[in-house]
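K.L.:
Position in the sequence shown (first residue = 1) + 137 = my numbering.
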Amino acid sequence: MLPRKPNNELILYLVLPCYNEEETLPYSAEILLRKLSCLIHEEGLISEKSRILFVDDGSKDRTWETITQLSNASPHQISGIHLAHNRGHQNALLAGLMYAKDRCDVTISMDADLQQDIHAIEQFLQAYQNGCEIVYGVRNSRSTDSFFKRATAGAYYSMLKWLGCSAARNAADYRLMSAVSLQALSEYSEVNLYLRGLIPMIGFQSGVVHFDVSKREHGTSKYTLSKMLKLAMDGITSFSVRPIRLVLGLGALIFTISMIMIILFIIDYFCGNTVPGWATLSCSIWFLGGVQLLSLGIIGEYVGRNYEETKKRPRYFIADTVGDEETR
Ligand code: UDP
Ligand code: MG
138 MLPRKPNNEL ILYLVLPCYN EEETLPYSAE ILLRKLSCLI HEEGLISEKS
188 RILFVDDGSK DRTWETITQL SNASPHQISG IHLAHNRGHQ NALLAGLMYA
238 KDRCDVTISM DADLQQDIHA IEQFLQAYQN GCEIVYGVRN SRSTDSFFKR
288 ATAGAYYSML KWLGCSAARN AADYRLMSAV SLQALSEYSE VNLYLRGLIP
338 MIGFQSGVVH FDVSKREHGT SKYTLSKMLK LAMDGITSFS VRPIRLVLGL
388 GALIFTISMI MIILFIIDYF CGNTVPGWAT LSCSIWFLGG VQLLSLGIIG
438 EYVGRNYEET KKRPRYFIAD TVGDEETR
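Next comes the structure, spelled out in structure tokens:
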């Protein structure tokens, strides 16, 4: 186990990516400030240098102004960073974690709408003190999700497991990471980020904390269907080349079947059976066309991602910061 500081010197950063969250932030900040003060003064679990870090993911509303106001009102508890563009939840989260890495001993990441139960924080810290460098938050049930989200999430995690990605089922981006594990994470340079799959690859001792999810109180979900699909695709293509192998397997199978068919046709021809053959012909054209397009699509997905990765474009830019005090 790596050495641990005494509780009153342990600096915790709560990292919250925010995209168009002006309605939620004042409420979330109030709840978190109370929690932070309780953790510092009443429970004595963390140092008073601990902070809340809001990452504005290039919002289009007044999120950044709100963060600035909140930080000015509590300069020793709230900091903010402002990304130059909307880069998506995973990149915003990474930006926050990388910013916090050199300023604190542990981070806990969570959503800005505080749907995840903040009372699990004590358990996260306990697991850290027991030697875990990474502690995953796993949700108890998905009862607050829509039927569609529950069904697709279940199927998706089963598929990821089958593809060989070790992301924990129902693991959210509610997670504790120590400065040591963040340093390791910073060495990965992929552009198509899927942190839930990437972080288990880092290794280190890890633990799990179970938590409840409540409904969003203010504002609406910022995860649109297209953002969710992008995340799902990143998850699949970042961790497995199995889909491409499947395409190869499918091709081999169809080739074998077609060889058998050709032999059958030749036998038919010599036996003098003239088959009308229209149905067979049109079916095979449709079938082969479909399989080819599908296979091309899968391969194209990988080629496209390869293209993005080889360009090694920066993942985000920090345009502005607020409440940036040296804490370490
Ligand atoms: N989010 C973000 N960038 C985006 C979309 C979402 O930083 O492009 C943040 C959002 O502000 C929130 C978190 O990701 O803190 C989770 O989003 P949300 O609660 O809307 O998703 P849901 O809970 O509906 O899955
Ligand atoms: Mg939410």
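Beta carbons are placed, not taken as given, at the ideal position from N, Cα and C, and that holds for glycine. Keep in mind the model is a prediction, meaning the values are calculated, not measured.
Please tell me whether, using a cut-off of 8 Å, the distance from the CB of Asp-250 to the nearest non-hydrogen atom of the ligand MG is below it.
P.N.:
It does: the Cβ of Asp-250 is within 8 Å (strictly closer) of some heavy atom of the ligand MG.
K.L.:
Is Ser-174 closer than 9 Å to Asn-113 when the C-beta atoms are compared?
P.N.:
Because residue 113 is not part of the residues shown, which for the chain are 138 to 465, the question remains open.
K.L.:
Please name the residue or residues paired with Asp-457 in a DSSP beta bridge.
P.N.:
His-219, per the DSSP bridge assignment.
K.L.:
Take every Cβ of the segment 275-294, pair it with every Cβ of the segment 334-353, and state whether three or more of those distances are shorter than 8 Å.
P.N.:
Verdict: yes, contact present.
K.L.:
Would you report the Cα separation of Tyr-311 and Leu-170, rounded to the nearest angstrom?
P.N.:
Tyr-311 and Leu-170: Cα-Cα distance of roughly 18 Å.
K.L.:
Measuring alpha carbon to alpha carbon, tell me which of Gly-233, Ile-148 and Ala-166 ends up nearest Ile-455.
P.N.:
Answer by Cα proximity: Gly-233.
K.L.:
Is it the case that the Cβ atoms of Glu-259 and Leu-182 are separated by a distance below 9 Å?
P.N.:
Yes. Within cutoff.
K.L.:
Under 8 Å, with one C-beta from each stretch per pair, do the segment 319-334 and the segment 286-296 reach the 3-pair mark?
P.N.:
With the cut-off at 8 Å, the segment 319-334 and the segment 286-296 do not touch.
K.L.:
Taking its Cβ as the centre, do 16 or more other Cβ atoms sit within 10 Å of Trp-201, making it buried, or is it exposed?
P.N.:
Classification for Trp-201: buried.
K.L.:
So the candidates are Arg-452, Arg-450, Phe-392 and Gly-409; which of them puts its Cα closest to the Cα of Phe-424?
P.N.:
Comparing Cα-Cα distances from Phe-424 to each of Arg-452, Arg-450, Phe-392 and Gly-409, the minimum goes to Phe-392.
K.L.:
Measure the Cβ-Cβ separation of Ile-168 and Val-192 and say whether it is below 9 Å.
P.N.:
Contact flag unset, no.
K.L.:
In the DSSP assignment, find the unbroken beta strand (DSSP E) run with His-347 in it and report its ends.
P.N.:
Unbroken beta strand (DSSP E) run through His-347: 343-348.
K.L.:
Is Ala-229 close to the ligand UDP? I mean its beta-carbon at under 8 Å from any heavy atom of the ligand.
P.N.:
Flag set: Cβ of Ala-229 near the ligand UDP.
K.L.:
Any heavy atom of the ligand UDP closer than 8 Å to the CB of His-466?
P.N.:
The displayed coordinates of the chain run from 138 to 465. Any statement about residue 466 would go beyond what the structure contains.
K.L.:
Which residues in the same chain as Ile-142 place their Cβ atom closer than 7 Å to its Cβ, once the five residues preceding and following it in sequence are excluded?
P.N.:
It is worth fixing the name first, because residue 142 is Lys in this sequence and not Ile. Correct list, in chain order: Asp-242.
K.L.:
Specify the secondary structure class of Gly-274 as computed by DSSP and reduced to three states.
P.N.:
Here Gly-274 sits in strand by DSSP.
K.L.:
Mapping DSSP to helix, strand and coil, what is Arg-333?
P.N.:
Helix, per DSSP.
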